Every structure is written in structure tokens, then in C-alpha cells.
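Chemist: This note's numbering numbers the first residue of the sequence shown as 329 and each following residue consecutively.
No residue lacks a Cβ here, since even glycine has one placed at the ideal position from N, Cα and C.
Bear in mind that the values here come from a model prediction, so they are computed numbers and not experimental data.
This is the structure I have questions about; it appears just below.
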Amino acid sequence: MSVKIYIDGQEGTTGLKILERFEGRNDIEILKIDEDKRKDNNERRKFICSSDYTFLCLPDAAAREAVALAEGSNVRIIDASTAHRTNPDWAYGFPELSAQHREKIASSSRVAVPGCYASGFISLVYPLVSCGILPPDYPVTAHAVSGYSGAGKKAIAVYEGNEKPDEYNSPRQYALSQEHKHLPEMMKICGLDYKPVFNPLICDYFSGMVVTVPIITRLLPKKTGLQDIYNAMCAHYEGQKLVKVMPVMGEGVLADGFLAGNTLSGRNDMEIFVCGNDDRVVLCSRLDNLGKGASGAAVQCLNIMMGIEETTGLV
């Protein structure tokens, strides 16, 4: 017996990538709204309330509107916008963080899918805060490089167009005001006392990202070295199927000593690297911003909510 799925925002990048991940599955039925009615609230309400699960691949305001349209129905909602990620009434869609996170996803009717940068950041910081290595008031800094696919349709058109400005050939820093939209969830989910300094760069390749968090061990409350941090990360992610901790320094994985941002493009998993030395540790999370950072994470949450193998359609 199949479940009915509706994607509100099915023409956007995340919606299209969710559809790709459903190819070949016979346990779901996709409900598709007519193109000319996708902004008609009466029609949207009909599709949302007729589905078993609705994905929201929308701007924040439209996502909140969709939740209001669902009022009174039994539909379970998976929101890929930033609208509900810090709402305690919603499950946070990163099941590898803890057994409690996975259980809440399974039982909830409202799940907020993490942001792509937030997924990389939280995958590194949450385990260290939860085990007591990193204090909540640590002055966290994060750097990140990402492909241009997460920048929206207009930016994608510029990057792939024939009149691309020369500066688009170079990595470009942005969010210089330190008010990036993912910062609230980074801080809240990790239990930090202060927002991190966050330095994202968009680069001239399609998809994939690396989020990096440096740790100065002399600022930690107790003596902690590279191996201690590596052991903590391994213990946290032991047995996970879509998040893997690589060998120290990426031995056997990073043959040339370079950590590329596009290696996991098109995939739904995440790789954690612990590098550096006992004084200065560099934590890196590599993922596809459209995979584990968006559509892949959304489908993983759906699978958990359905009570089936969570990697279905993802590996």
C-alpha cells in the first residue's frame, strides 16, 4: 500500500531533487498540482490535506502559510524552509544527533529539515558539546565552501549563463554582516551561548560543500588532544549509515592532502574529518548541500516517519 506525497514547491531545486530520490519507489504516490494553480491557496489546501505527507520546499512565509492551510487535517509535514527549525514543537530532522532526535522524528507530525550549512556545522559541534569537550561559551568559528546550486534559481542562471561576470569565477564570501539565516539553528541545536562567527563562500561548481570548525585546544576546560576529539566523534556516530567519521587526517581517503568540496555531489551521506594536531584541531564535514543538506535529509526523515529503512532511495 502506497502513501500519498505532495511537494509544495515542486518546481524548486529541493523539490526536484526530492522527486529524483523517489524514482523507482513503488511505495509512494506523488500528487502533482497543475502548474497554473500552484499558488492558488484553495488548490494547495486540497493537495496538502489529501496527502499523507507534504514536503514544503518554499520561502519561509509560504511555508508558514502552508502549515496554516493544513490545519484540521492529519497530514504530516516535512519543512525544508528555515521557518520552523528553532521551534521546539517541531522535530529537528537530523536523526544522527541522538536517539531522542530520531524518536521525535518518527513520532512527530511536524519535522523541520536542517539547513545545509547548519547540517555540516551541527554535525561537528553538537557531539563535542553534548559530551562535555566543548563548553557552550566557546568562541566558535566556522568556515564553509559550497557549490552555487544552493544560491537559488537566479544565481544558478548567472553561473551557468554565457555572460557570467568575472568575479563569479572566484570563490565569493558573503553573509559578511554575520546574520546568516542558519545561525539561529546552529546556536540553538548545539546549545551554544553565543552565535558563531560564520564565514561562508560560494564557489564556481554545482553542488557539494565542506564546513570547517577549528578548535584551539588550550581554550578547552580540560586537557584534550586530537585523538580525544577523534574518539568522541567516532563514539557519537558509531553505527550510523549516512554519517561516517573518516580516519584521522583523512588517511587513505585524502591521498593528496586536499579536501575537495564536490566529492559527495549527488550523494546523500556525510563524511567527518578530524585533522590537525594536539594544539589546533580542524574539524570538517563534507556533504552535498542538495543531498544530506536538503532533499536527501528530507527523504531520510520521511522514511523514518514511515517506519521503513531510513536509507530507502538514498543509497
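Taking buried to mean at least 16 other C-beta atoms within 10 Å of its own C-beta, is G619 buried or exposed?
Modeler: buried
Chemist: Which partner residues does A389 have in the DSSP bridge list?
Modeler: Answer is none; A389 lacks a bridge partner.
Chemist: So, under 8 Å CB-CB, F534 and A503 are touching, yes? Tell me the CB distance rounded to an integer number of Å.
Modeler: In fact, because the Cβ distance is near 20 Å, the residues do not count as touching under 8 Å.
Chemist: For L548, tell me which candidate among S477, D465, C603 has the shortest Cα-Cα distance.
Modeler: D465
Chemist: Just to check my reading of the structure: P423 and I632 have Cβ atoms closer than 8 Å, yes? What is that Cβ distance to the nearest angstrom?
Modeler: 6 Å between Cβ atoms; contact.
Chemist: Which residue comes first and which comes last in the alpha helix (DSSP H) that contains I450?
Modeler: 444 to 458
Chemist: Taking only the alpha-carbon atoms, compute the straight-line gap between I484 and K550 and give it to the nearest angstrom.
Modeler: 46 Å
Chemist: In its own chain, which residues sit with a C-beta less than 6 Å from the C-beta of E286, not counting the 5 before and 5 after it?
Modeler: No information on residue 286 is available, as it lies outside the stretch 329 to 643 that the chain covers here.
Chemist: Please determine, among S379, E348, A390, the residue with the shortest C-alpha to C-alpha distance to G337.
Modeler: A390
Chemist: With a threshold of 8 Å, are at least 3 pairs of Cβ atoms found where one atom belongs to the region 329 to 348 and the other to the region 378 to 386?
Modeler: The region 329 to 348 makes contact with the region 378 to 386, as at least three CB pairs between them are under 8 Å.
Chemist: Going by alpha carbons, who is nearest to I543 out of S623, Y496, V457, P575?
Modeler: V457
Chemist: For S474, report the span of its beta strand (DSSP E) as first-last.
Modeler: In this chain, the beta strand (DSSP E) harbouring S474 covers 469 to 475.
Chemist: Out of V538, S378, H564, which has the shortest C-alpha to C-alpha gap to G448?
Modeler: V538
Chemist: Indicate, with yes or no, if the ligand ATP has a heavy atom lying under 7 Å from the CB of G337.
Modeler: Absent from the structure shown: the ligand ATP. Ligands present: none.
Chemist: Where does L630 fall in DSSP's three states?
Modeler: helix
Chemist: Please determine, among G536, A394, Q501, the residue with the shortest C-alpha to C-alpha distance to C645.
Modeler: What is shown of the chain runs 329 to 643, which leaves residue 645 out entirely.
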